[in-house]
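Protein chains: 4
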Amino acid sequence: MAGNSFGDLFRITTFGESHGKAIGVIVDGCPSNIEIDEEFIQSELDKRKPGQSKITTQRKESDTAQILSGVFEGKSTGTPISIVIPNEDQRSKDYSHIADKYRPSHADYTYQMKYGIRDYRGGGRSSARETAARVAAGAIAKLFLQQQGIEIFAHVSGVGQIEAPNVDSSNLKSLLETRESNIARCADPATANEMIDFIDNTIRKNGDTVGGRISAIVRGVPAGLGEPVFDRLHAELGKAMLSINAVHGFEYGSGFEGSRMRGSEHNDIFTTENEKVVTKTNFSGGIQGGISNGMDITFKVAFKAVATIMRDQETLNQAGEETTISGKGRHDPCVVPRAVVIVEAMAALVIADQLLKQRAYSNI
Amino acid sequence: MAGNSFGDLFRITTFGESHGKAIGVIVDGCPSNIEIDEEFIQSELDKRKPGQSKITTQRKESDTAQILSGVFEGKSTGTPISIVIPNEDQRSKDYSHIADKYRPSHADYTYQMKYGIRDYRGGGRSSARETAARVAAGAIAKLFLQQQGIEIFAHVSGVGQIEAPNVDSSNLKSLLETRESNIARCADPATANEMIDFIDNTIRKNGDTVGGRISAIVRGVPAGLGEPVFDRLHAELGKAMLSINAVHGFEYGSGFEGSRMRGSEHNDIFTTENEKVVTKTNFSGGIQGGISNGMDITFKVAFKAVATIMRDQETLNQAGEETTISGKGRHDPCVVPRAVVIVEAMAALVIADQLLKQRAYSNI
Amino acid sequence: MAGNSFGDLFRITTFGESHGKAIGVIVDGCPSNIEIDEEFIQSELDKRKPGQSKITTQRKESDTAQILSGVFEGKSTGTPISIVIPNEDQRSKDYSHIADKYRPSHADYTYQMKYGIRDYRGGGRSSARETAARVAAGAIAKLFLQQQGIEIFAHVSGVGQIEAPNVDSSNLKSLLETRESNIARCADPATANEMIDFIDNTIRKNGDTVGGRISAIVRGVPAGLGEPVFDRLHAELGKAMLSINAVHGFEYGSGFEGSRMRGSEHNDIFTTENEKVVTKTNFSGGIQGGISNGMDITFKVAFKAVATIMRDQETLNQAGEETTISGKGRHDPCVVPRAVVIVEAMAALVIADQLLKQRAYSNI
Amino acid sequence: MAGNSFGDLFRITTFGESHGKAIGVIVDGCPSNIEIDEEFIQSELDKRKPGQSKITTQRKESDTAQILSGVFEGKSTGTPISIVIPNEDQRSKDYSHIADKYRPSHADYTYQMKYGIRDYRGGGRSSARETAARVAAGAIAKLFLQQQGIEIFAHVSGVGQIEAPNVDSSNLKSLLETRESNIARCADPATANEMIDFIDNTIRKNGDTVGGRISAIVRGVPAGLGEPVFDRLHAELGKAMLSINAVHGFEYGSGFEGSRMRGSEHNDIFTTENEKVVTKTNFSGGIQGGISNGMDITFKVAFKAVATIMRDQETLNQAGEETTISGKGRHDPCVVPRAVVIVEAMAALVIADQLLKQRAYSNI
């Protein structure tokens, strides 16, 4: 209710501020008997952590996850799995230059208005650092989904005006390798180079930032997931993605472009392939009437540019007086390469939750 | 949990199939002492009902709402408000031509997979008729929000490739009048004519359908609404919109286009206007860190083309055999003019719910 | 959240005031493919309806249920089942004698304090008439549980100071027959006669009312139901029972008496019976650590005397002035015989909900 | 949903096993600007911790709470407050004597049936150690309620057959002092001595255990709390209490005894006292129609005897074979003195949650 939980049956609750003692998450509702591979969890966190490459923030933090409960002899027990990620960088810095100023397009002003108080150390709870907790929880959801034969893949499909071409998605494991071979996390190598050059030479060198887009595929989802009418599968995915910092848009299947098409073009014709019902096209993005139909689930997420820029900006202080705020420290010129694993984590959490619901309700 | 409820504190639960006895809704959590104007509720329903104009379905249904509870002497009592809308068109028709066939891009196949059973009469629960219940509930939310000085306005900003220019939104009441003066429900009269001509002459006459876009503004929302981190205000709006039949995309503020911009362009600079904190631009769409900042909340919703077309299409039957399905009856060539009031209703429900949460938590 | 829903996965939402147009319920989350026997639903409602015998209210109301949705060709479809029960007795009576007075031990004062408004017609929403909606929903839950081999039985085990002896519960169907053979709904015929005589001759003739107790058994529940730590099976049962009008106490297994015992007496020793794990005693009431262990689930519910008595009582009016209120009309001298089926309905709803949760989470 | 959360608006989620690394809790929904007095939280934990006196377990554990988030400069920020309590006693002991045996009246068997796995170290999640997390969270709720002028008091009113007389509750602070002056935590000194003697000399010396009862008063609750019809205030209190380990019964106001009374005796007559509406008696226990009426809220909770006894008991092992289990280690002969603060904590959590709901809905 207070907004720090996500999911109904497979539910996570995150906590922690960017410069407090720790951040973390409780996963409540993970079924028992799932092998909890701690190395996998850590490898997922490493894909999100700062300091990975020249096009992300240079801040170094190891983001080491500690499991406090819910796992016994390497397996989930069905009780809450709690994970804590200590903040290494919590030394008392001097925040006097921002403590009473509202950083433009940050959450400083709105937190002040909502709570009458704000933890100004590095953004407090509004910092994207909170998403590390989601990645850890998402890793557990992925371990559950792997047992069910479900794969999730996302990559950076756009940065600024640069747009990647459609990639051949027949083999997601191979796509993942290509993605991880470059620091832009784009599965098209040529576009990746273009993105890296643009972010490094045009954006970072000018103390600026730029937005981007992440495209995702979920494969192996059985038909039947999603709870009409309000909890349609794509509505849950949309909420999940829109809850990630900096996201301004979500579309699935044909998306916004689909709204320009005619029904005669857009309808996905049913046929059979290896005795399985499939559709000839997949403008539906694997979801019809809010329920998965067994085809690939596809969606795209739009991230705005990071608000912290290395330039002077006009703003107001808490007294409502005009002032200037300067960018300093280490920032992310483009956040999408680090956000790929967050998108995957949130998708995993949605699918895990819907899978448990379908288990509950299925009565065929 | 089973998906037919929306909202936490201001919560609605809808029920009913398109060709059953009735559809309806329970509004649980409407505060007491709201004047429940039944004529207003009916006028909202009339904006969604079929048979309004030559560019919507010719099916006639009056969609008359009956309030069964929760209102005493014209005011809400704080107890559940239940509204029933009888189905007039529930006569036992011959559905044998579709009963065992999966209509392309409809929910026939997925409902069968999910429930092992489907009510094939006119789509059953997956029919957009269900949204009439949302409109009735949304009308009650609007009556509550009116008391709080909050206005909601939506209009058709795109049909197929046709795109309306930005409209002057300084006076929402006047915009509403312009919108209601044309059957496309577009607030730009010239574009409206173009849309009407296109839908009537190019789409309808060819037995085809086309998608479109609806843009919305919510004005007068105080700063502080939205519950980080998962229940960000725009995440709730996004889920609400994506839960409407045929919606394939949602964006707020700068949206997808914003992901192509740089931070130095996109940041909204704070300033004051009449002693009130405002931002010089509003790429944030009135929401920062998931919390309203007092500026106009703006968003856009993409609707795919209606799947029912007046043409023959290949498909499968329940036995998995190839067959042909023919379009017959009366259909909507373009659904967005009737969907404007649904978008407004869902927005009203989100804002009402968040307003109650903010009342609960505010401790300043 | 606003309190008119019960259950998570098998969820009901009730609506309606005692003298409005109708009361009713939406059952959201009933699995598909359950045979919905409307005669059974009606027979359950008939056990609760007024006017059954000389020891209940003489008010006559037929309480006829109409299903509006969620059932197709006699089976549940997995979509919301809505049931409406029209109020026959809604004619505009003269309530001027109570409209501005607070009836002692009724909800008049608290509804006024909470909502600032009250529907004074027959108690409005606080009337026990609301429980008819629960009985209808509970009947659907029972139909689901019957498929699973689960039986629920309750009877009146105490009225005032009269206490029934323990009954032989080896055959619940036979106990049910005995219970239905007398108007006290007590499964011990001799005690039933004593209760009837006491209620009719001592209580009703003096215009008074009296409380009582209902004991219940749920048989056939598999081991594993209940969600620790907060949603223990008996905590859910307790909440369900305490939500029924006039209930002042709940105990399960050994209950309050068990708190007087020693561990060496109270511990239930495990053994096997027909290769099944059982306990030699059942002080645990079929629940250990909040989870069913496969033994009979047993609990008892205490109902206070009905507050409406046929006597003059002192009270206050809305202005805070002292006044006198007179009892008139037809009242229930003892409500427990009519409440037996409500207790069973609420138990069925709890078990159905927990059963669906266990289906979701079980990963053995 | 998975059962480890309690409350809707003021919501807690607990985690941790008795012999894992730590237990803890997230409090989500605590309003901002509450002074978080860490010493008070610790003093509450000290009332529950083991090793306090000769009539509780001799196990020593300091139960030191660490706040990881949600508090800034001594005040709540409105973001999740997370508290971790490390387990000091987590050394790898030899559990081979119980690892495959089902302890009678413990949760060993049911956890095995539910999850297919169990953490046998000291009861794992089913251990009452989990309630330390509730006490920490309850302390935060109490700090919030203190701001609102609400007091909560509980004491041991019965042990085995020993029953304390009614105590003069006009001054709760003085009662609290009396209670804390004896190790039985009974507010009647003479009865306290009787209880201590009985527990120490009759129960503990015989390696046995005994149950007891805790009575509670909540004072200063404004009229209007509680959400009919299912979330009646006493139904929420009942669920809260029944969710505590070993609780077998709950009653409020007149309770079970009230079910033996007549309406003419039981009805609470309204009158005024210092211009405030009060009732002459309080059989309603401060709650009418499920809503607080401003009078003292009173309830009683029954605890069964602790299942761990220092004696040999017959039982089964996981293979279903008969075996014997021996009691060893340090156990609680009577748990109620340590449970007083748990009852208070759960009551505080209920009232805090209902208070926030009433803030949300109140529209007078």
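Residue numbers (the working numbering), protein chains in the order written: chain A, 47 to 410; chain B, 47 to 410; chain C, 47 to 410; chain D, 47 to 410. A virtual CB, placed ideally from N, CA and C, is assigned to each residue, including glycine.
Chain A within 8 angstroms of residue i, Cβ atoms only
{"i": "B/Val-386", "result": "no"}
{"i": "B/His-201", "result": "no"}
{"i": "D/Asp-83", "result": "no"}
{"i": "C/Ser-78", "result": "yes"}
{"i": "B/Val-396", "result": "no"}
{"i": "B/Gln-412", "result": "No information on residue 412 of chain B is available, as it lies outside the stretch 47 to 410 that chain B covers here."}
{"i": "B/Thr-255", "result": "yes"}
Per-residue contacts from residue i into chain B (C-beta, under 8 angstroms)
{"i": "A/Gly-70", "result": "What A/Gly-70 touches in chain B: nothing, since even the nearest Cβ is about 13 angstroms away."}
Beta-bridge pairing of residue i - partner residues as DSSP gives them
{"i": "C/Asp-74", "result": "C/Arg-57"}
{"i": "C/Pro-150", "result": "Partner(s): none; C/Pro-150 has no beta bridge."}
{"i": "D/Lys-442", "result": "What is shown of chain D runs 47 to 410, which leaves residue 442 of chain D out entirely."}
{"i": "D/Asn-363", "result": "D/Lys-147"}
{"i": "C/Ala-200", "result": "C/Ala-262"}
{"i": "C/Phe-52", "result": "C/Ile-58"}
{"i": "B/Arg-308", "result": "A/Val-256"}
{"i": "D/Ile-113", "result": "D/Ile-129"}
{"i": "C/Val-323", "result": "C/Thr-318"}
{"i": "C/Ser-64", "result": "DSSP, once it has assigned bridges, lists no residue as partnering C/Ser-64."}
{"i": "B/Val-381", "result": "According to DSSP, which records beta bridges pairwise, B/Val-381 is partnered with nothing at all."}
Interface residues of chain C facing residue i [CB-CB closer than 7 angstroms]
{"i": "A/Lys-403", "result": "Ala-406"}
{"i": "A/Gly-53", "result": "Ordered by position in chain C, no residue passes the 7 angstroms Cβ test against A/Gly-53, which lies about 12 angstroms from the chain."}
Cutoff 8 angstroms: residue i Cβ touching any chain B Cβ
{"i": "D/Asn-409", "result": "yes"}
{"i": "A/Glu-197", "result": "no"}
{"i": "A/Gln-207", "result": "yes"}
{"i": "A/Asn-320", "result": "no"}
Within chain D, the residues that residue i reaches when beta carbons sit closer than 8 angstroms
{"i": "A/Asn-50", "result": "Ile-72, Asp-74, Thr-125 and Pro-126"}
Residues that residue i contacts on chain A, provided the C-beta gap is smaller than 7 angstroms
{"i": "D/Arg-57", "result": "Met-47 and Ala-48"}
Beta carbon proximity, residue i to chain C, threshold 8 angstroms
{"i": "D/Phe-415", "result": "Given a span of 47 to 410 for chain D in the structure shown, any question on residue 415 of chain D remains unanswerable."}
{"i": "D/Tyr-298", "result": "yes"}
{"i": "D/Asn-313", "result": "yes"}
Partner residues on chain D for residue i, Cβ-Cβ distance less than 9 angstroms
{"i": "A/Arg-171", "result": "Ser-115, Gly-116, Thr-123, Gly-124, Thr-125 and Pro-126"}
Any chain D beta carbon closer than 8 angstroms to residue i
{"i": "A/Phe-190", "result": "no"}
{"i": "A/Gly-62", "result": "yes"}
{"i": "A/Lys-67", "result": "yes"}
{"i": "C/Ser-372", "result": "no"}
{"i": "C/Asn-27", "result": "With chain C covering only 47 through 410, there is no way to say anything about residue 27 of chain C."}
Contacts that residue i makes with chain D (C-beta to C-beta distance below 7 angstroms)
{"i": "C/Arg-259", "result": "Ser-305"}
Proximal chain B residues relative to residue i, where beta-carbon distance stays under 7 angstroms
{"i": "A/Thr-344", "result": "Result: empty, since nearest Cβ-Cβ is about 11 angstroms, beyond 7 angstroms."}
Q. Of all the residues that make up the region 131–164 of chain A, which are near chain C by a beta-carbon distance shorter than 7 angstroms?
A. Correct list: empty, as no residue qualifies.
Q: Return the residues of the region 103–128 of chain D that lie within a Cβ-Cβ distance of less than 9 angstroms from chain A, sorted by chain order.
A: Under the 9 angstroms Cβ criterion, the region 103–128 of chain D contributes Gln-112, Ile-113, Leu-114, Ser-115, Gly-116, Val-117, Phe-118, Glu-119, Lys-121, Ser-122, Thr-123, Gly-124, Thr-125, Pro-126, Ile-127 and Ser-128.
Q. Going along the region 263–288 of chain D in order, which residues come within less than 9 angstroms of chain C, judged by CB to CB distance?
A. For the region 263–288 of chain D, which is checked against every Cβ of chain C, the residues closer than 9 angstroms are Pro-268, Ala-269, Gly-270, Leu-271, Gly-272, Glu-273, Pro-274, Val-275, Phe-276, Asp-277, Arg-278, His-280, Ala-281, Glu-282, Leu-283, Gly-284, Lys-285, Ala-286, Met-287 and Leu-288.
(Q) Contact between the region 217–233 of chain B and the region 156–172 of chain B is defined here as three or more beta-carbon pairs at a separation below 8 angstroms; is this criterion met? (A) The way I'd put it, the region 217–233 of chain B doesn't touch the region 156–172 of chain B; fewer than three beta-carbon pairs between them come closer than 8 angstroms.
Q) Taking Cβ-Cβ distances below 8 angstroms as the criterion, which residues of the region 348–370 of chain A are in contact with chain B? A) Sequence-ordered contacts of the region 348–370 of chain A with chain B read Ala-348, Phe-349, Lys-350, Ala-351, Val-352, Ala-353, Thr-354, Ile-355, Arg-357, Gln-359, Glu-360, Thr-361, Leu-362, Gly-366 and Glu-368 [C-beta pairs closer than 8 angstroms].
Q. So, do the region 189–204 of chain C and the region 259–269 of chain C have three or more beta carbon pairs nearer to each other than 8 angstroms?
A. Between the region 189–204 of chain C and the region 259–269 of chain C there are three or more C-beta pairs closer than 8 angstroms, enough to call the two in contact.
(Q) Three Cβ pairs or more, each shorter than 8 angstroms: is that satisfied between the region 86–98 of chain A and the region 150–158 of chain A? (A) No, the region 86–98 of chain A does not touch the region 150–158 of chain A.
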